[in-house]
Amino acid sequence: MNIETYKKHAISWISMLVLPAFLIACNAQNHLSTQTENWVRVNASASVPAVPDKLSLKVYVEEKNNSVSQAKRIVDLNTDKILKRWINLGIKNSQVSSFDLSIQPVYEYDKDTRKQIQDGFVVSRTLSVEIENWDTFDQLIDSALALGATRVGNVQADVSNHQNLYNQALAAAIEQARFKAQILAESAGGKLGRAMQITEQGGYRPYAVAEMKLMRSDSASQPGTTDVNASVEVVFSLQ
-1 MNIETYKKHA ISWISMLVLP AFLIACNAQN HLSTQTENWV RVNASASVPA
49 VPDKLSLKVY VEEKNNSVSQ AKRIVDLNTD KILKRWINLG IKNSQVSSFD
99 LSIQPVYEYD KDTRKQIQDG FVVSRTLSVE IENWDTFDQL IDSALALGAT
149 RVGNVQADVS NHQNLYNQAL AAAIEQARFK AQILAESAGG KLGRAMQITE
199 QGGYRPYAVA EMKLMRSDSA SQPGTTDVNA SVEVVFSLQ
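Numbering-wise (the numbering used here), the sequence shown opens with residue -1 and increments by one.
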């Protein structure tokens, strides 16, 4: 076999191997394109009404003094008075945490020297409390402020069965997604298939009391109502 004949046979064999592989790749690409084109993506959300039955907040007891030990002594005395008053209101020790203590230097600007000069220290203790009886909320705040607390913050409301309520909202959101996808599929002349991908968006979180719908009475704060929300993104196949 001469060289020219060998080359012709080699090219013929290469063509026989490459052409089927090329055809298979083209068919796979066409099949993939067909699959990726036949879907619909929708976003949906749903909510379940809830009545908050838990409340958490932070109460700060602070004192400024040139002596750290003196400032801490006053903070500890005020903290002790507040805790005793809360116990009388029915708050249990297990509902309160008072171990968070901070000591920070205080600086004042001196106009003459144009420098920051240290002017004592601020000792601060944070009381974290969780309550379930909303009737004690106003009394708890008023008594703390009257007995030496300087401020109240990070007030959040929650519901005990929030996980169950969120699961209900999540299931309703998926049903809403299917309903929307059904409308889109029928409007486009197609038929809705199974869910190919489901993505949960966000999740349930306690919310600040300042943002919730508080109902005020003459004597006390009331929990009002809120919504437990759930959102999903779902990809359905089209037939």
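C-beta: ideal position from N, C-alpha, C; glycine also. As the structure is a computational prediction, the values presented were derived from the model and not from experiment.
**OP:** Express the C-alpha separation of isoleucine 172 and threonine 224 in angstroms, rounding to a whole number.
**Re:** Looking up residue 224 in the sequence shown gives position 226. Looking up residue 172 in the sequence shown gives position 174. Note on geometry: alpha-carbon atoms of threonine 224 and isoleucine 172 lie some 21 Å from one another.
Subject >> Euclidean distance between Cα positions of glutamine 194 and aspartate 78 >> reply: As a position in the sequence shown, residue 194 is number 196, starting the count at 1. As a position in the sequence shown, residue 78 is number 80, starting the count at 1. Looking at the sequence provided, one finds methionine at residue 194 rather than glutamine. Distance between the alpha carbons of methionine 194 and aspartate 78: 59 Å.
Original post:
Which term fits isoleucine 115, buried or exposed, when burial requires 16 or more other beta carbons within 10 angstroms of its beta carbon?
Top reply: Taking the first residue of the sequence shown as 1, we reach residue 115 at position 117. Flag for isoleucine 115 reads exposed.
Original post:
Are the stretch 69 to 78 and the stretch 119 to 129 in contact at 8 Å, needing three or more beta carbon pairs?
Top reply: Three or more pairs of CB atoms, one per stretch, sit closer than 8 Å, so the stretch 69 to 78 contacts the stretch 119 to 129.
Original post:
What are the residues that DSSP puts in a beta bridge with aspartate 156?
Top reply: Here the question's residue 156 lines up with position 158 in the sequence shown. Aspartate 156 is bridged to Lys52.
Subject >> Under 8 Å between C-beta atoms of alanine 42 and lysine 178 >> reply: Translated into the one-based positions of the sequence shown, residue 42 becomes position 44. Translated into the one-based positions of the sequence shown, residue 178 becomes position 180. In contact: alanine 42 and lysine 178 (Cβ atoms closer than 8 Å).
Subject >> CA-to-CA distance, alanine 175 to alanine 142, given in whole angstroms >> reply: Here residue 142 is taken as the residue at index 144 of the sequence shown, counted from 1. Here residue 175 is taken as the residue at index 177 of the sequence shown, counted from 1. Whole-angstrom Cα-Cα distance: 48 Å.
Original post:
Taking valine 46 as the reference, which of Ile196, Glu184, Lys56, His160 has the closest Cα?
Top reply: Within the sequence shown, residue 46 is the residue found at index 48, counting from 1. Answer by Cα proximity: His160.
Original post:
To the nearest whole angstrom, what separates the beta carbons of glycine 118 and asparagine 63, a pair I think is in contact under 8 Å?
Top reply: As a first step, residue 118 is located in the sequence shown; it is residue number 120 there, counting from the start. As a first step, residue 63 is located in the sequence shown; it is residue number 65 there, counting from the start. Yes, they are in contact, since the Cβ atoms of glycine 118 and asparagine 63 sit about 6 Å apart, within 8 Å.
**OP:** Whole angstroms is fine: what's the gap from isoleucine 72's alpha carbon to glutamate 61's?
**Re:** Working through the sequence shown from its first residue, we reach residue 72 at position 74. Working through the sequence shown from its first residue, we reach residue 61 at position 63. If I take the Cα positions, the gap works out to 7 Å.
Original post:
Short check: CB of lysine 52 to CB of alanine 167, under 8 Å?
Top reply: Locating residue 52 in the sequence shown gives position 54, counting from the first residue. Locating residue 167 in the sequence shown gives position 169, counting from the first residue. Their beta carbons are not under 8 Å apart, which means lysine 52 does not touch alanine 167 by this criterion.
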